[in-house]
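Take a look at the structure set out below.
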Amino acid sequence: MSSLQAPSAVVMVRPHHFRSNPETKGDNAFQTLATTSAQATSAQALAEFDGAVETLRGAGVTVHVFDDTTTETPDSVFPNNWFSTHAGGHVAVYPMYAENRRKERRWDVIELLKRDYRVQDVIDYSGLEQDGLSLEGTGAMVLDHIGRIAYTVKSNRADPVLLERFCTHFNFEPMVFEAKDDAGRDVYHTNVLMGIGTEYALICLGMIVDPVRRAEVSARLEETGRRVIDLTPEQISSFAGNALELTGRSRLLALSATALQALRPDQTSIIEQSAELLPLTIPTIETAGGSVRCMLAGIHLSPRERKTA
7 MSSLQAPSAV VMVRPHHFRS NPETKGDNAF QTLATTSAQA TSAQALAEFD GAVETLRGAG
67 VTVHVFDDTT TETPDSVFPN NWFSTHAGGH VAVYPMYAEN RRKERRWDVI ELLKRDYRVQ
127 DVIDYSGLEQ DGLSLEGTGA MVLDHIGRIA YTVKSNRADP VLLERFCTHF NFEPMVFEAK
187 DDAGRDVYHT NVLMGIGTEY ALICLGMIVD PVRRAEVSAR LEETGRRVID LTPEQISSFA
247 GNALELTGRS RLLALSATAL QALRPDQTSI IEQSAELLPL TIPTIETAGG SVRCMLAGIH
307 LSPRERKTA
């Protein structure tokens, strides 16, 4: 059941002052305006977050929760953009595009990883923000941890030079492509377009602009032994691609209730041959332009053995 692709532990950040981020609304077409007051919206998001943690833990996933009490980090609930972890004890820290997102980085998270897991090195790319470079972690890249491929949509959130540097350091093959939505807008993060499980891949192939590249991406996924579940743009708008495979008491696909409702029975049937569907109800959090996958920073590290007295 265990899989390199499906971590058994995650980091999540509880947002105490949740709101949509004005600095990212320009290129994040998934953001919508909340219909309640700021105080009510924040309270709803907090309740959704706690419910998601309870559901994940109930399914056997280890969840490390950090509280964010500042008002300066509206997207802190999406920690997968500023760090990632990798088998063999490797951690990456990333440069962020929006200035207020740079404040999300917190070294107490890294210290927890060092304390509870075997961390060999931390490669910190964040200083490259001063050069105008950004690579927003597993939002900008959807990583095939088994096939060692970094699927990446061209955007201002994924600098090509920094992507090459990451792939060299972490032994991934970059697979870059251009993607647009039905309105002709650039897709800002790869993980809204696709998600990769152990035996299947969720992706909207129709949003990949170049038909030759589209065929290459599909073929590459199939070459790694995965069944390709081709999503529609409407399903992408419901965050059906923004899902993360995890290992709990069984193999799981964590996704939002909105995403699950958008999937067809033939699509869920393919997933259920490999993983149990685990929907999380987070409609308020989704107004910020991210969904379940964005909330989960997977821990692909070996846990340390607990010392007993």
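Under our numbering, think of the first position of the sequence shown as 7, with each following residue one higher. C-beta atoms are modelled at their ideal positions from N, C-alpha and C, and glycine is treated no differently. Quantities reported herein were computed from a predicted structural model and do not represent experimental measurements.
Proximity to residue i [Cα-Cα], best of the options
i: Ala51; options: Ile288, Ala303, Trp88; result: Ile288
i: Phe55; options: Pro217, Thr76, Ser43, His23; result: His23
i: Thr196; options: Leu149, His70, Gln45; result: Leu149
i: Val167; options: Gly138, Ala93, Ser275, Gln11; result: Gly138
i: Trp113; options: Asp74, Met147, Ser9, Ala146; result: Asp74
i: Arg310; options: Tyr100, Val16, Leu62, Tyr123; result: Tyr123
i: Lys147; options: Glu117, Val16, Arg121, Glu179; result: Checking the sequence shown, residue 147 turns out to be Met, not Lys. Cα-wise, what sits closest to Met147 is Glu179.
i: Thr264; options: Ser140, Gly295, Val128; result: Gly295
i: Pro101; options: Val16, Ala260, Ser43, Ser140; result: Ser140
Cutoff 6 Å; reference residue i; Cβ partners in own chain excluding five residues on either side
i: Arg107; result: Asp81
i: Asp33; result: Residue confidence is low: Asp33 scores 47 on pLDDT, short of 50, so the model does not pin down where it sits. Its coordinate-derived value is still stated next. The residues are Tyr194.
i: Thr144; result: Asn86, Ser90
i: Glu110; result: Thr79, Ser82, Trp88
i: Thr253; result: Ser8, Ala12, Ser14
i: Val99; result: Phe89, Asp130, Ser132
CA-to-CA distance, residue j to residue i, given in whole angstroms
i: Thr68; j: Arg171; result: 31 Å
i: Tyr103; j: Ala303; result: 18 Å
i: Gly190; j: Asp236; result: 19 Å
i: Val6; j: Pro21; result: Absent from the model: residue 6. The displayed extent of the chain is 7 to 315, so no value can be given.
i: Leu258; j: Ile155; result: 22 Å
i: His151; j: Gly95; result: 14 Å
i: Arg220; j: Glu135; result: 31 Å
i: Leu250; j: Ile242; result: 14 Å
i: Val198; j: Glu142; result: 13 Å
i: Ser275; j: Ala58; result: 23 Å
i: Glu282; j: Ser14; result: 14 Å
i: Tyr157; j: Ser48; result: 33 Å
i: Arg226; j: Lys186; result: 20 Å
i: Leu269; j: Phe72; result: 31 Å
i: Thr238; j: Val215; result: 14 Å
i: Arg312; j: Ala65; result: 22 Å
i: Arg5; j: Ile202; result: Here the chain has residues from 7 to 315 only, and residue 5 is not among them.
i: Gly212; j: Lys160; result: 16 Å
i: Ala208; j: Met18; result: It should be noted that the sequence gives Leu, not Ala, for residue 208. C-alpha separation (whole angstroms): 23 Å.
i: Asp272; j: Asn248; result: 18 Å
i: Asp165; j: His175; result: 15 Å
i: Leu10; j: Glu117; result: 23 Å
i: Thr204; j: Ala260; result: 13 Å
Residue i in three-state terms, based on DSSP
i: Ala46; result: helix
i: Gly201; result: strand
i: Ser8; result: coil
i: Glu311; result: coil
i: Ala65; result: coil
i: Thr76; result: coil
i: Arg21; result: The displayed chain sequence assigns Pro, not Arg, to residue 21. If DSSP states are grouped into helix, strand and coil, Pro21 belongs with the strands.
i: Arg154; result: coil
i: Val223; result: helix
i: Leu52; result: helix
i: Leu211; result: helix
i: Asp216; result: coil
i: Asp236; result: strand
i: Val148; result: strand
i: Val71; result: strand
i: Val2; result: No answer is possible for residue 2: the residues shown for the chain start at 7 and end at 315.
Contact set for residue i: own chain, Cβ-Cβ below 7 Å, skip 5 residues either direction
i: Glu228; result: Val234
i: Ser262; result: Phe245, Pro285, Leu286, Ile288, Glu292, Ser297, Val298
i: Val125; result: Gly95, Val97, Leu119, Leu307
i: Asp188; result: Pro239
Cut-off 8 Å between Cβ atoms - residues of its own chain near residue i, not counting five sequence neighbours on either side
i: Gln267; result: Ser244
i: Glu240; result: Ala268
i: Asn177; result: Arg154
i: Thr77; result: His23
Check: residue i C-beta below 6 Å from any heavy atom of the ligand FMN
i: Ile235; result: Ligands in the displayed structure: none, and consequently the ligand FMN is not present.
Exercise. Which parts of the stretch 85-133 are runs of the beta strand (DSSP E), unbroken and 3 residues or longer, counting only runs that do not cross its ends?
Worked result: Segments of the beta strand (DSSP E) lying fully in the stretch 85-133: 89-92, 96-99, 127-130.
Exercise. Which runs of the beta strand (DSSP E), 3 residues or longer, sit entirely within the stretch 245-309?
Worked result: 250-253, 257-262, 282-286
Exercise. Which full runs of the alpha helix (DSSP H) of 4+ residues lie inside the stretch 159-198, going along the chain?
Worked result: 166-176
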